Amino acid sequence: NVGELNLMMSHGSNQHWWPWFNTTDPTSVSISDYRQWYREYGAMVAPKITDCNLEEEMNKGVEGTGLAFIAFTEVMALFPASPFWSTLFFLMLLNLGLSTMFGTMQGILTPLMDNFSFLGRHRTLLTVCSCLLGFVIGILFTQRSGNYFVTMFDDYSATLPLVIVVVFETISVAWVYGTDRFLDDIEAMLKWRPPVVYKYLWKYVCLLAMLGLLAASLLRMVFKGPTYTAWNQTKGSEMTLEYPDWALVMIILLIVFASLPVPVGYIHTMLRHHWAPGAPPQEGPGAEVHRELYTKCSSTDQLDPNSHQPLVEEDGVRSRAVFLPVGNEHYQLLSQQGEEEEEEEQDTGV
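Heads up, the sequence shown is in my numbering, so the first residue is 1361 and it goes up one at a time.
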């Protein structure tokens, strides 16, 4: 502000509202003198000159990409041996991004390999192709307009779909599967039963809270409309604008595609079990022997492989395995001594 005042004084005629302090040296101007002058003559120089409110300036927080690539970069430049600290800082950002992507890619690859066996046989090729696809999509965010796409994805591909997914999860556990069955499963695994209050929290409180949050978010989006913050070069300031029509379509697709897998997966599973010949019954809890076997498998007690008998219901039909591993295998841990003897035999060639 003082520099702008000095520029105005050097290009303009003498005015009665010129400040009495030295505008050529901003460091010599105290905040109290400036604010006193602004209260008297600020209206004559607005909007170019603004009030000097330290609290307001401190409340203007930097967020998003500007926090890491602008604010922290300026801080690093003020450190002694700034190149060293800058290198460490950006290496930390690189490692943070890579470690985050490990979990994200594993969450994508594991379901694909579990549901499609031929993909599991080509794990390396699937991983490389998935990373290349993510790299190509990521080029969209490196353009000059990339920050606007980052904001769009951050605001609409994670927040609202996450609430929708939580609503689906609550309905599936509390109403479709049943809270009583879920509490029975927890009791079988943990050896103690959670309080009955959880039943009503899951069925009513959590579901109503999530539905209320979802309705409020949708109403706000419909009546207020999605907006974004853009930089106006003419005015030299940020301004709030509405998304164009093609961007609104993109936002809707982001929300739908992020939420669609849950209901589609549910419908696909129901149809597969309904039309599959000899499909196992889906209603009611599993046999008590399943819970007993699960308890033994999850404890230090080893199962006797000779005592295993096929699980058969009273009518002679094989029951569905609720807690058994795939194939009803019995897994036993080898003793450490046996492993050491095996390694010695391999080393000696015996």
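Ideal Cβ placement from N, Cα and C applies to all residues, glycine included. Computed from a predicted structure; not experimentally measured.
Residue i in three-state terms, based on DSSP
{"i": "tryptophan 1552", "result": "coil"}
{"i": "proline 1670", "result": "Low confidence applies here, because proline 1670 scores a pLDDT of 47, under 50, leaving its location unreliable and the question unanswered by this model."}
{"i": "leucine 1453", "result": "helix"}
{"i": "serine 1517", "result": "coil"}
{"i": "valine 1389", "result": "coil"}
{"i": "serine 1505", "result": "coil"}
{"i": "proline 1440", "result": "coil"}
{"i": "threonine 1384", "result": "coil"}
{"i": "threonine 1530", "result": "helix"}
{"i": "phenylalanine 1683", "result": "Reliability of the predicted coordinates at phenylalanine 1683 is poor, the pLDDT of 44 falling under 50, and the value obtained from them is presented with this limitation in mind. Reduced to three states, the DSSP call for phenylalanine 1683 is coil."}
{"i": "glutamine 1593", "result": "coil"}
{"i": "alanine 1636", "result": "coil"}
{"i": "leucine 1663", "result": "Annotation note: pLDDT 45 at leucine 1663 (below 50); position unreliable, coordinate value reported separately. Coil at leucine 1663, not helix or strand."}
{"i": "histidine 1578", "result": "This sequence places leucine at residue 1578; histidine is not what is there. DSSP places leucine 1578 in helix when its eight states are reduced to three."}
{"i": "leucine 1620", "result": "coil"}
Proximity below 9 Å, CB of residue i to CB of residue j
{"i": "proline 1521", "j": "alanine 1618", "result": "yes"}
{"i": "methionine 1570", "j": "valine 1523", "result": "yes"}
{"i": "leucine 1567", "j": "valine 1624", "result": "no"}
{"i": "tyrosine 1327", "j": "tyrosine 1588", "result": "The structure shown does not extend to residue 1327, since the chain is modelled only from 1361 to 1710, so the question has no answer here."}
{"i": "leucine 1454", "j": "alanine 1428", "result": "no"}
{"i": "arginine 1483", "j": "leucine 1469", "result": "yes"}
{"i": "threonine 1594", "j": "lysine 1563", "result": "no"}
{"i": "tyrosine 1325", "j": "isoleucine 1615", "result": "Given that the chain is displayed from residue 1361 to residue 1710, the structure contains no residue 1325 and the question cannot be resolved."}
{"i": "threonine 1519", "j": "serine 1577", "result": "yes"}
{"i": "isoleucine 1546", "j": "proline 1555", "result": "no"}
{"i": "leucine 1486", "j": "leucine 1472", "result": "yes"}
{"i": "tyrosine 1558", "j": "leucine 1574", "result": "no"}
{"i": "phenylalanine 1432", "j": "phenylalanine 1449", "result": "yes"}
Residue closest to residue i, alpha-carbon to alpha-carbon, out of the options
{"i": "methionine 1461", "options": "Pro1443, Arg1399, Ala1441 and Gly1494", "result": "Gly1494"}
{"i": "asparagine 1475", "options": "His1634, Ala1636 and Thr1629", "result": "Thr1629"}
{"i": "tyrosine 1398", "options": "Phe1429, Leu1492, His1633 and Leu1365", "result": "Leu1365"}
{"i": "tryptophan 1591", "options": "Leu1454, Glu1400, Pro1471 and Ser1505", "result": "Ser1505"}
{"i": "threonine 1600", "options": "Leu1469, Lys1584 and Gly1480", "result": "Lys1584"}
{"i": "threonine 1384", "options": "Leu1367, Ile1391 and Ser1392", "result": "Leu1367"}
{"i": "aspartate 1605", "options": "Ser1490, Pro1586 and Arg1553", "result": "Pro1586"}
{"i": "arginine 1723", "options": "Glu1598, Trp1535, His1633 and Tyr1516", "result": "Outside the shown range of the chain (1361 to 1710) lies residue 1723, about which nothing can therefore be said."}
{"i": "cysteine 1340", "options": "Met1473, Trp1445 and Thr1464", "result": "The chain is shown only over 1361 to 1710; residue 1340 falls outside these bounds and no answer can be derived."}
{"i": "glycine 1498", "options": "Cys1489, Thr1433, Val1510 and Trp1552", "result": "Val1510"}
Residues bridged to residue i [DSSP beta-bridge criterion]
{"i": "tyrosine 1717", "result": "Residue 1717 lies beyond the residue range present for the chain, which begins at 1361 and ends at 1710; the question has no answer from this structure."}
Contiguous alpha helix (DSSP H) assignments of at least 4 residues, all confined to the stretch 1456 to 1502: The alpha helix (DSSP H) runs lying completely inside the stretch 1456 to 1502 and spanning 4 residues or more are 1477 to 1480 and 1483 to 1498, given in chain order.
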